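Position 1 of the sequence shown, counted from 1, bears residue number 1 in this note's numbering, the numbering being contiguous throughout.
For every residue, glycine included, the Cβ atom is placed at its ideal position computed from N, Cα and C.
Every value quoted in this text rests on a predicted model; they were computed, and no experiment measured them.
Single-structure report; data block below.
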Amino acid sequence: MAAVKGKMDSKKSMELLHQRFGHMGMSTVKLLANKLDQAPNIWNKTLHAKLLAMGLVRLDSDYGLYALKKDGEVTLLLTVYVDDLLLMGPRQLCEEVAASLQETFELTTIGTVKYLLGVEILINKTRKQIVYSQRQYVLEVLKRFHMENCNGSATPEATAPSSVKVPATKEYLPYRELVGALQYLVSASRPDIAHATRHLGKYLACYNHTHYAQAKRVLRYLKATSDYGLVMDVQPGQG
1 MAAVKGKMDS KKSMELLHQR FGHMGMSTVK LLANKLDQAP NIWNKTLHAK LLAMGLVRLD
61 SDYGLYALKK DGEVTLLLTV YVDDLLLMGP RQLCEEVAAS LQETFELTTI GTVKYLLGVE
121 ILINKTRKQI VYSQRQYVLE VLKRFHMENC NGSATPEATA PSSVKVPATK EYLPYRELVG
181 ALQYLVSASR PDIAHATRHL GKYLACYNHT HYAQAKRVLR YLKATSDYGL VMDVQPGQG
């Protein structure tokens with residue numbers, strides 16, 4: 001566990017652990033230290049100090065993103081998610097940074113990234129493209145809301161607003177859960193449903209069957225476009 005590698009800056013916390021669990025052995029005490037409230041903060045500080053010592057700089061715009069620069073140019077990016085690290089840069093430089101980290105931390109290198117937080121990452125070096133896909137997540141969401149066998153839709157929203165007024169209902173509808181699932185898709189790989197999802201988000205506190213039907217229409221659109229992804233490529237003349 002990552003936080004075990006952090007240095008405890010609170011002697012009192014360790015003393016309390018020894019007093020209560022010391023008879024179980026040091027390994028148990030270290031494991032319990034990982035469960036302390038300050039453990040994540042300790043781990044973050046330890047990792048941050050190591051990265052700074054290696055010459056990386058944390059970006060003010062995102063505290064989970066570090067950059068290594070040479071002559072003012074960014075040569076490597078490193079992103080942190082708890083104790084998972086993702087390196088982006090020339091292979092040799094990535095290997096050197098990983099080796100330096102391994103001097104301090106127990107590190108497992110898994111090679112070229114394929115999945116990150118439920119997002120499939122497809123790298124096409126020939127076309128100089130990176131495609132972010134959440135096809136598997138879409139299929140899971142469809143199954144979760146019993147829409148795996150639904151008919152697909154060509155658009156995520158109706159082309160004309162409905163004039164039918166439906167009163168509010170006290171019946172339970174998993175509307176908030178569905179909108180939350182859609183929001184995660186928007187944030188990672190599906191900006192094409194952003195407008196529909198934003199509209200649905202306005203009614204989280206006052207939804208009815210009409211709103212739920214609109215949300216399910218987005219699911220039907222996702223059923224028809226589950227293979228869609230977000231393509232990031234290099235424009236002509238940029239390398």
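Asked	Found
Could you pull out every unbroken alpha helix (DSSP H) segment of at least 4 residues lying fully inside the segment 72-102, listed in chain order?	91-102
Express the C-alpha separation of Leu51 and Asn41 in angstroms, rounding to a whole number.	15 Å
Extract the residue ranges of the alpha helix (DSSP H) inside the segment 128-205, only unbroken runs of 4 or more that lie entirely within it.	135-144, 175-188, 194-201
Sorted by chain position, which residues of the same chain lie with C-beta nearer than 7 Å to Val186's C-beta, five sequence neighbours on each side aside?	Ile193, Ala194, Thr197
For Tyr207, which option in Thr104, Val218, Val179 has the closest C-alpha, if you only look at C-alpha atoms?	Val179
In whole angstroms, give me the CA-to-CA distance for Asp233 and Leu93.	22 Å
Within 10 angstroms of the Cβ of Arg190, are there 16 or more other Cβ atoms? Answer buried if so, exposed if not.	buried
On the DSSP letters alone, give me the boundaries of the alpha helix (DSSP H) that Ile123 sits inside.	First-last for Ile123: 119-124, but that is the beta strand (DSSP E), not the alpha helix (DSSP H).
What distance in whole Å lies between the Cβ atoms of Leu65 and Val138, which are believed to be in contact at a cut-off of 8 Å?	About 27 Å separates the two Cβ atoms, so there is no contact after all.
By alpha-carbon positions, which one of Glu157, Val57, Leu85 ends up nearest to Gly72?	Val57
Return the first residue and the last residue of the beta strand (DSSP E) that Tyr66 is part of.	62-70
Please determine, among Tyr81, Ala99, Pro156, the residue with the shortest C-alpha to C-alpha distance to Leu117.	Tyr81
I'd like to know if the segment 199-206 and the segment 99-109 are in contact, where contact means that at least 3 CB-CB pairs between them fall below 8 Å.	no
Sorted by chain position, which residues of the same chain lie with C-beta nearer than 8 Å to Arg220's C-beta, five sequence neighbours on each side aside?	Met147, Cys150, Asn151, Gly152, Ser153
Taking the alpha-carbon of Leu59 as reference, which of Thr46, Leu78, Leu47, Tyr115 has the nearest alpha-carbon?	Leu78
Closer than 8 Å by C-beta to Tyr115: which residues in its own chain qualify, once you throw out the five before and the five after it? Chain order, please.	Ile121
Ser27 to Leu107, Cα distance in whole Å?	Because Ser27 carries a pLDDT of 46, less than 50, the predicted location of this residue cannot be relied on, and no value is offered for it.
Identify which residue in Met54, Asp62, Lys216 has its Cα closest to the Cα of Lys69.	Met54
Taking all protein chains shown into account, decide if Ser133 is buried (16 or more other Cβ within 10 angstroms of its Cβ) or exposed.	buried
From what residue to what residue does the beta strand (DSSP E) around Val57 run?	57-59
Between Tyr172 and the rest of its own chain, which residues show a CB-CB distance below 7 Å, the 5 nearest in sequence each way excluded?	none
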